Structure formats: structure tokens, C-alpha cells
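Read top to bottom, the protein sequences are chains U and V.
In terms of this note's numbering, the first sequence is residues 1 to 81.
In terms of this note's numbering, the second sequence is residues 82 to 1029.
The block underneath contains the structure these notes are about, expressed in C-alpha cells.
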Amino acid sequence: MTIAHDEDGVMSTGDRLIYMANQIARNMASEGRERAEVMVADHIRSFWDPAMRARIGQLAAERPGALLPIAAAAIARIAQP
Amino acid sequence: MGFTRETDHGTPPAIATGRNITLTIDGESVTLPEGTSIMRAASLTGTAIPKLCASDNLESFGSCRLCLVEVEGRAGYPASCTTPIAEGMTVHTQTDRLKQLRRGVMELYISDHPLDCLTCAANGDCELQDQAGAVGLRDVRYGYDGATNMGQPKDQSNPYFDFDPSKCIVCSRCVRACDEVQGTYALTIEGMGFGSKIAASQNDAFLSSECVSCGACVQACPTASLIEKKVVETGTPDRAVVTTCAYCGVGCTFRAEMRGEELVRMVPWKDGKANRGHSCVKGRFAWGYAQHQDRILNPMIRASVTEPWREVSWDEAIAYTANEFRRIQAQYGRLSVGGITSSRCTNEETFLVQKMIRQGFGNNNVDTCARVCHSPTGYGLKTTFGTSAGTQDFDSVMHADVILVIGANPTDAHPVFGSRMKKRLRQGAKLIVIDPRQIDLVKSPHVEAEHHLPLRPGTNVALLTAMAHVVVTEKLYDEAFIRERCDWDEFQDWADFVSEAARSPEAIEPLTGVRPADVRAAARLYATGGNAAIYYGLGVTEHSQGSSTVMAIANLAMATGNIGREGVGVNPLRGQNNVQGACDMGSFPHEFSGYRHVSDDGARAMFESAWGVKLDHEPGLRIPNMLDAATDGTFKGLFIQGEDILQSDPNTRHVAAGLAAMECVVVQDLFLNETANYAHVFLPGSTFLEKDGTFTNAERRIQRVRKVMAPLNGHADWEIVQLVANALGLGWDYAHPSEIMDEIAALTPTFTGVHYDRLDAEGSLQWPANDAAPDGTPTMHIDGFVRGKGKFVVTDYVPTDEKTGPRFPLLLTTGRILSHYNVGAQTRRTANTAWHPEDRLEIHPNDAENRGVKEGDWVSLRSRAGETTLRALITERVAPGVVYTTFHHPDTQANVITTDYSDWATNCPEYKVTAVQVGLSNGPSDWQEDYADHARQSRRILPVEAAE
């Protein structure tokens, strides 16, 4: 999985957020699926501002295949009240 | 403080044995520790025995024969510097015979010394002159007609000091200082007897020799033989103020020696607990930037970055700034603005910037340059130990038996601590270096690493986990420590994980390129060699798994019980002078001062009560997120204090695009830096010499910064922030930085005992300094971890996505060089450019030959993010397949090459791994030429119209 840069060497915010979420998920995957989902969700809640969280929620809906399963599940958890 | 020399007791303190000795000196009974020299004993009781070759930062030498004494019952006249005190000893320091002997010795010295005291630069500050007076020399019987060493040419090659061999008395203090204090061994005594003279390297000029210009020799010289050029030009100082260096995270304290408001020299303070009287070329000499002609002293504004700057009054600049931020928030929303605090500014200034953002902007969009260096340290050590900081003081290294250095180059980036470390290594401590490059510590005079593991960049986690595999599978862990201090279940999970065959040194060799036997040997040494301490730097943090690497380090330390006492620990070597402090002060978008999350209702209530506003409970944007939001059109205003993100942050095009998309960028700095090319307001900053405050170094040591001259720009940085804050309507009324520190103490549990009167009395305090630790905390986690039980974290190796391939077959890693600091804004404006006028690309001879590259050729350096050109330096310091460069010069813009990849937990950029290709080039790239033109255009300043 790589970052797609455009011709200016700068990637889009949406691509970056997806990349970041997946990267967190990959680094927590060794904790086991269920625990990793909780940890990824906690991490994103703790360190991402509300607009970033909202955006990744939209992206999860718009581009369902872009997120790794752990990342997708974590973002679904964040969306829960 | 007026001008008084620091007392020199002649020899160092005795190594503690716990036993005391009672003796009589000049009729007075004295009791002192065993091992103390007679010279030191006399000095401590108020008797200054004449001396020339002795100094209390050097081992005794016994060469000058001036410090002779008489000891009852002993024959002859022993040198007091080399003779230890003994029980019942009776010493006489002044007798007729001693007077006669000393005069005879001094007469010989003076017979070969120019008698130009009145015009000598050291007149009044010369130990030879003082001692001639002390021994009562009145005449030289030998005349001056015979052969002498006078009239020899001076070596003035070094930009900061001169060497005049005619004034040398061959006391060897300079040679010993270079050996014992600095550890470079650049100086020697050439020749014998009358022909003896000091020589640098193989009788080279100082500038071209191995000398690193730390200044230890100049400080040690008892005459004017080695003397600062500034003293020659200006004269001797008449007052001294103790303050703290504004370069790296070692936090050396200096006596700023002044004449009026002119700084004559910076002399390392012997009582400084971080540097113990030592210095490097930057802190000692490279402070001329403070008066450099490039400094901007008047505020400036412009509506568009394509326009030239217009100088305005402070009132206009401040009002414009406040109006713009308020306009932007009204138009685009509360979250559309933010700020960046500076790790170069004081704790007080940093605290004020984040306060202005949280209280005045009403959001948590504050970040700091630690984002791009040690944010993974904060995350990793808080997760595992409970505190976002190193565990030891610097003195601790002198108790280490094994020193593991990973991803750090202390002799270049933290040179004063590097010298301490080398001293301990010369005493016999064993060294393990984990680094892709053969840094100087791997092999230098009298220091050689037991193991150098030259791993492939980006594989730190795999290697450290393999070391953990050895520790666990060979049962080298400290079970008692783990059971008492850590979570045993988490340890077992971690132990199971690292024990898997896939994590053995043999299994990971294809990833790391390190021989399994070396990994196993290094792990065994670390686990079983006695006190083992880990020191690490940006080669750990600036990776896509920076936080994981920090936690892998913490795991190793906990597993082997190397935490919680002197000589061990986990020690991040922080980059900038106050990067620890900037983090402590609440510069991150998710934390208040003292590392309390903004969602912590109790902490937030404390700040809301003190500041009288409702605070946001949601984390704000990090720097790269601010830039993304800017390109998306939702983030429009940025206040940047003392940080050059265009040069220092990764993927320059991304940074430029973000800045260009904003409507108001405010830069508060000394110079029109690269970021200022995209700024609308420039607020001239003040140097560390021009303000009061505190810095916190890498060992959590809070030290005073003291104003020695008025700010050339008219205001200290904290005053400027207060002006902006008040223009935003915040109603601040700080009269002095001490009042800001009082507020920090009131709001930060780890700082409750930190006040200026205590800092002045103690010299420094290491946080936590509070009711539980009134004198501060040199060593952390002694009785237990701050978080309770130490937490083992499973750190799976996840390879970086930055891959080499046919287009980009080499790996670029970046770093610093001794003579320059960070983006070079300060050091490039000093004579330090004599050593490093440009960034070079280090490339292995094999890789160079394959590309037809010769030494000094211009080469293009291309990555997926961009391209630049620079000249090649062919060296075996880098392994085949790896290239290296520094990022000190904006003409090179090494960060045009670095990518958007970053640490998974903190977004700390992956500076240390970029896939690149190198090829021959004709000179600067089109991009570099375009950028140079853009920078010239952006720095235009309209001439001020003459008043009617």
C-alpha cells in the first residue's frame, strides 16, 4: 500500500486520511482483530480532530474497499454514539 | 553579576570512597574525602597554592613544578597536585625554600615569554601573569639574548581563536583538555625539551586539523597562547551573566561574559549540571547571528505574498494580525486558524502561544516542531512508562557499563554529551551502535564499539525485536523486576510474540542486513553486561514506525531491569534546545501542559477557571493536517513562532501548497526564513541573549535564560505574543516571564515547585519538581512507573511503504553535522560555514562508481516527491545502497526529496527513509533556480519613505 502523489508530489487529503487509518490498523493488527479495532478507534478519537474523524467516516462510506477491515470496523465504532 | 573568575581548585574532586582524611595544612586541621589532592584540599580551605599546569577539570599532571609543598617527615618537595592527602599529614604551602624554588621555576618560564603584558589581549586575565605576581618574581637573570621560542608565526586559521606559540608555556593543559574533556585527541606536544611545541593533528593549521573547535583548549590555556579572536578585538569582559545555550537539547549553561552590552565571549559554566564546564563549537562560538545584518528588526506586513514587504509600526502590525485572525474566524469558522510554537523559544513563550490559541482562537489547533522530531518519544514513553520524557540525567552515563546508541550521532548532534559518553567509554564501558552509518563513535581515538549493527534504514523494529527474542529465548530477562514493576500478563504476551521463530536474528537478517551472530552478541551484552543504558535520537523517531521503535526500546529496558536507577534507562537525545519544554508546555493539539489530554474534564476545568473561558474538549490539528486543511480551503490562518516549516518539514511542495492557500500567515522569527516567503505578517523576534525565561533540556532540566542585552527588535518574544493576545482582547498583564512560570506551576502538577527563586538558588530543577519531589527528579521510575505498572507493548514490524525499486534503487537518510544546527538559520550566519559551506551527498564508492560519480561532482537526487542537486562526497561511512545528506542549507532543500510518509501514531515524518536515484548533473536543478528566484522576490522590502 503506497501513497499516491499527484504530479505536484502532493497527495489528496482523502487519500492521506485513508492511508493514516490503514497504517494505524496495520500497526495494531498484532493485538488481534477485536482488540485492535478498539485500539484503533481510541487512537483516532484521541488524536484526530473532529473534522478529520467526520471526513474518514464519509470516506468509509464512499470508498468501502479502501480501508482495511480493522480500520473500517474502528471507524464504524467511532460513528456509534 | 560583576566579573569574577570561577574558582579553580586545581584538581578534580576525589572519587568517593566514603572515607575521610584529617590532615593539617599551614597549621589548620582539615578533614576531606580520601583521594583529594593536597592542592585541592588547600584550595577548599582558602589557600591558593601557585599553579600553572593544574586545572580542576583535568587530571593532575605534575609538570609545571610551581605547586611544590613541604610535607613534614617526607623528603623533597612534592607537587601538591599529584600528591593525595594522607591521615595525620602536616603540609606547609609557603616556606622560604618553597618561595625560592617557585621563583626559580617562574623565572625560567618568563625567560622564554614575551614581556608585552600591557598590550597582550589577556592582560588582566592571564594566569601566568597572576602566578608571577603570586610567587613574587621581580627579576629574570638570564636575559633575552639566548635562544627563545618567541617570534613564531601565529596560527589564525580558526575563525574563532588564535594560536600564538610564542606565548605558549607548554603546560599541556590544552592537549589534556582535548584528550580528557573533549575526547578528540587533536592536539599533541611535538618535539622535545626546549623544542617542544603544541601541534594540531600532524602539525596542521587548526582549521584543517582534526580540531572540532569546542573551545576546551582555549578555556584551559593559562596564557594568551590560545585566545578568542573576539577578546583580541574587544578586550577583556567586565561582567558575566549565567545563561543557557539556545542550540541543542543538551542545554549547556554558559557565562555570557560582557563588556557593557557587547558580548565578548561565552564560557561554559563549570557549575552547569548538564555540561559540567564543557561546550561545543556552536554554543561556545557561533552566537554572532544575534547581531547579523540579516536580522529583521521592524515589523512588516503585506496583503499578498507576491507584494514586497512594507515596514510598519508595532501597533499596526499587531492590530493587522489580530484583525486578520478575527476576520478569518468570522468568515471561515472558529477552527480555521491555528499556530505553531517554537522549540527554540522559552517555556514561557511557548506556553503563551498555546494559551493564545486555546484561549483566544478558541480551538486546539496548536502544534510544535517536536511533531517532526520526537513526537514518537512522547507517545512511546507515555504509553509504556507513563511519562513523555527520558528517564535519566546526563551524569547517569558515568555509571553505565553498557551503552547502546541507536539512531543517534551524539558527537555531531549532541557533542557535549557525546564527550561525556566517550569519557565513560574510555573508562571501560562497552558500546553497541545500531546505525546504518559508521558514525564517529563506532571507531575514534580510544573509543571503539564492541558491536556495530549497520542495519538497513527502516528496520529498527525488526532488529530490536530480534534482540528481545534473544533476551527472552535465552532467559536473560530480569523476572524479579518484571514481576514487581510491570504487568506480568502483558510481559507474557510480549514474550510469546518476540519468541516466535519469525522474529529471531536469523529470520530477520534478510530485512535488516545484520549478521545474526552480531545481533545475538549485542543482545547478550545489553542484557548481562551490568548497568545498560539506551541513548537514541531521530534515527529512531523519524520513521513510519518511530513510536513502535520507542516502545521496542522501552520493552528491552523493562525486560532486562534497566530502568529506575543511575547508569541505566531510556534516554532520548532531544534535538532542539527547548523541544522537551515545548512538549511539556502543552504544544500538542491533544494535550495541555503536563501531558493531560484536552478531553480530561478535570484538567480542562483547571485551565478554564484560570483563563476564564470555555475550552475545546476535542483535539486540534497537527501541522500536516493543518496544511491539508489549508489546501482543502478550510484552514486559512497560521501563527508561527520560531519555526521554519518550509525548510524543516517533509515534502516541501506539500508545505508550500498549504501555506500558499492561507490568507494570513504570521511568522515571528529573527530572519526572513523560507516560510516567511509565504507570510503576510513578519514580527521580528528576539534572541536568547535578549530575554529572560527558561529552557528544559533532554534530561528534563529546567534552566534559566537570562537577558544580557536589550532586544534589538524592541521586544522579547513573550512580550510580542502578549501584544497579539491583548489585541485579540485577552487582557494579559504579565510584567516578567517569572509570572508566566508561576502560572505554569499553578496549572501543571509536575511543575508546582518550579519558580524563578528556586531556579536561581538551585541552578536548575529536573521535573517533576513538586511536593512529592521538592528537589526535582534526576532519575525517574525509581520505585515504580509513573503509570503504575510498566506496560509491554507488542511491536510488530510493519515495513515502510517507501520501497526501493528500479527507478529509485538507493535509500536516502538525513541528519546533522557538528558545525550546523537544524535548518542552519543561525549557524549559516556565523563563521561555522568554514567547516560546512554546503550540504553534500554522502555516497558509497561502489554506488558512485556505478554512476560515474567522482568526488565533488554535482549530482541530481531524485525521489517520488521531488528532485534537487548537490555535490557528492564519496565515503565508506555509508553502506552500499544508502546515501546521506544534511538539511542545513536552503539552496539544497533536502526536504524537496523527502516524502509524506510518517509515523503511524504521531505523523512524525519518515525523514530517515526515502527511496532515491542519484545521477550526474550539470548544476542546480530548474526547481532550485526557480525557488531561488521566488525567494528573492518574496524578500523584497519597500524602502521606507522619508518623513515630510
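Beta carbons are placed, not taken as given, at the ideal position from N, Cα and C, and that holds for glycine.
Every value quoted in this text rests on a predicted model; they were computed, and no experiment measured them.
Rounded to whole angstroms, what's the CA-CA distance from H817 of chain V to N903 of chain V? Just pull it up for me. Those two C-alpha atoms are separated by around 30 Å.
Given a cut-off of 7 Å, decide if V152 of chain V and T174 of chain V are closer than it, judged by their beta-carbon atoms. At the C-beta level, T174 of chain V and V152 of chain V stay beyond 7 Å of one another.
May I ask you to list, following chain order, the residues of the segment 570 to 601 of chain V that have a beta carbon less than 8 Å from some beta carbon of chain U? Correct list: F578.
Please give me, in chain order, every unbroken run of the alpha helix (DSSP H) with length at least 4 that falls completely inside the segment 31 to 61 of chain U. With a minimum length of 4 residues, the continuous alpha helix (DSSP H) runs that stay inside the segment 31 to 61 of chain U are 33 to 47.
Nearest to I438 of chain V (by Cα), restricted to the options V:L1023, V:T458 and V:S417: Answer by Cα proximity: V:S417.
Contact set for D559 of chain V: own chain, Cβ-Cβ below 6 Å, skip 5 residues either direction: Result list for D559 of chain V: T641 and G642, in chain order.
Which stretch, first to last residue, makes up the alpha helix (DSSP H) that contains L506 of chain V? Residues P496 to R507.
Are the CB atoms of G71 of chain U and A29 of chain U nearer to each other than 7 Å? As written in the sequence, residue 71 of chain U is Ala, which differs from the Gly given in the question. Result no, Cβ atoms of A71 of chain U and A29 of chain U do not sit closer than 7 Å.
Which chain V residues are close to A29 of chain U, counting only those with a beta carbon under 9 Å from its beta carbon? Within chain V, the C-beta atoms nearer than 9 Å to that of A29 of chain U come from D877 and V879, in chain order.
Secondary structure at L104 of chain V, three-state DSSP: helix, strand or coil? In this structure, L104 of chain V counts as strand in the three-state DSSP scheme.
Taking the alpha-carbon positions, what's the P586 of chain V to L68 of chain U distance? Their Cα atoms are separated by approximately 30 Å.
Report yes or no: is there a C-beta of chain U within less than 7 Å of the C-beta of H624 of chain V? No, because no Cβ of chain U sits closer than 7 Å to the Cβ of H624 of chain V.
Can you give me, in chain order, the residues of the segment 29 to 60 of chain U that have a beta carbon less than 8 Å from any beta carbon in chain V? The segment 29 to 60 of chain U vs chain V, Cβ under 8 Å: A29, S30, E31, H43, S46, F47, W48, D49, P50, A51 and M52.
With distance defined between alpha-carbon atoms, name the residue in V:H862, V:A203 and V:E744 nearest to T387 of chain V. Answer by Cα proximity: V:E744.
Among V:D981, V:A986, V:G205 and V:G353, whose alpha-carbon lies nearest the alpha-carbon of D709 of chain V? If we check each option's Cα against that of D709 of chain V, V:D981 comes out closest.
Taking all protein chains shown into account, decide if Q847 of chain V is buried (16 or more other Cβ within 10 angstroms of its Cβ) or exposed. Q847 of chain V comes out buried.
Starting from the N-terminal side, write out each stretch of the beta strand (DSSP E) that is 3 residues or longer and does not extend beyond the segment 426 to 495 of chain V. 447 to 449 and 483 to 487, all fully within the segment 426 to 495 of chain V.
So C745 of chain V is in the alpha helix (DSSP H); what residue range does that whole segment cover? Unbroken run through C745 of chain V is the beta strand (DSSP E), C745 to D750; no alpha helix (DSSP H).
What are the boundary residues of the alpha helix (DSSP H) that H735 of chain V is part of? First-last of the alpha helix (DSSP H) with H735 of chain V: T733 to A741.
I believe L840 of chain V touches I783 of chain V by the beta-carbon criterion, under 8 Å. Please report the beta-carbon distance rounded to the nearest angstrom. Sure, about 7 Å apart at Cβ, within 8 Å.
If contact means a Cβ-Cβ distance below 7 Å, which residues of the segment 456 to 468 of chain V contact chain U? In summary, no residue of the segment 456 to 468 of chain V has a CB separated from any CB of chain U by less than 7 Å.
Just to check my reading of the structure: E291 of chain V and A280 of chain V have Cβ atoms closer than 8 Å, yes? What is that Cβ distance to the nearest angstrom? Going by Cβ atoms, the distance from E291 of chain V to A280 of chain V rounds to 11 Å, so no, they are not a contact pair.
Tell me, please, which residues DSSP counts as bridged to H969 of chain V. BP columns for H969 of chain V are empty, so no partner.
For P792 of chain V and C426 of chain V, what's the separation of their Cα atoms in angstroms? P792 of chain V and C426 of chain V: Cα-Cα distance of roughly 14 Å.
For W350 of chain V, report the span of its alpha helix (DSSP H) as first-last. Where W350 of chain V is concerned, there is no enclosing alpha helix (DSSP H), given that its DSSP letter is neither H nor E.
What residues from the segment 673 to 706 of chain V come within 9 Å of chain U, judged by C-beta to C-beta, listed N to C? Cβ contacts with chain U come from H678, S680, E699, P700, G701, L702, R703, P705 and N706.
Min CB distance I18 of chain U to chain V below 7 Å: No, I18 of chain U does not count as interfacial toward chain V.
For G774 of chain V and E430 of chain V, which I take to be in contact (beta-carbon distance under 8 Å), what is that distance rounded to the nearest angstrom? Contact between G774 of chain V and E430 of chain V is confirmed by a C-beta separation of about 6 Å, below the 8 Å threshold.
Got a sec: is the Cβ-Cβ distance from H671 of chain V to anything in chain U below 7 Å? Yes - at least one Cβ of chain U is within 7 Å of the one on H671 of chain V.
Just checking: is the beta-carbon of R63 of chain U within a distance shorter than 7 Å of some beta-carbon in chain V? Residue-level contact check: R63 of chain U does not touch chain V, since none of the beta carbons of chain V fall below 7 Å from its beta carbon.
Using only the alpha-carbon positions, how far apart do H5 of chain U and A760 of chain V sit? With a pLDDT of 47 at H5 of chain U, under the threshold of 50, the predicted position of this residue should be treated as unreliable, though the coordinate-derived value follows. So the alpha carbons of these two residues sit roughly 26 Å apart.
Same chain, Cβ closer than 6 Å to D521 of chain V, neighbours up to 5 away in sequence not counted: Counting only Cβ-Cβ distances below 6 Å, and skipping sequence neighbours, we find T492.
Can you say whether Y241 of chain V is buried or exposed, counting buried as having 16 or more other CB atoms within 10 angstroms of its CB? The residue is buried, with at least 16 neighbouring Cβ atoms inside 10 Å.
Proximal residues of chain U, C-beta to C-beta of S629 of chain V below 8 Å: Chain-ordered, the chain U residues with CB closer than 8 Å to the CB of S629 of chain V read N27.
Residue ranges of each beta strand (DSSP E) run of no fewer than 3 residues wholly in the segment 896 to 925 of chain V, ordered along the chain? Secondary structure in the segment 896 to 925 of chain V: the beta strand (DSSP E) runs of 3 residues or longer, each lying completely within the stretch, are 921 to 924 in chain order.
Quick one: Cα of R383 of chain V to Cα of I377 of chain V, how far? The straight-line gap from Cα to Cα measures roughly 15 Å.
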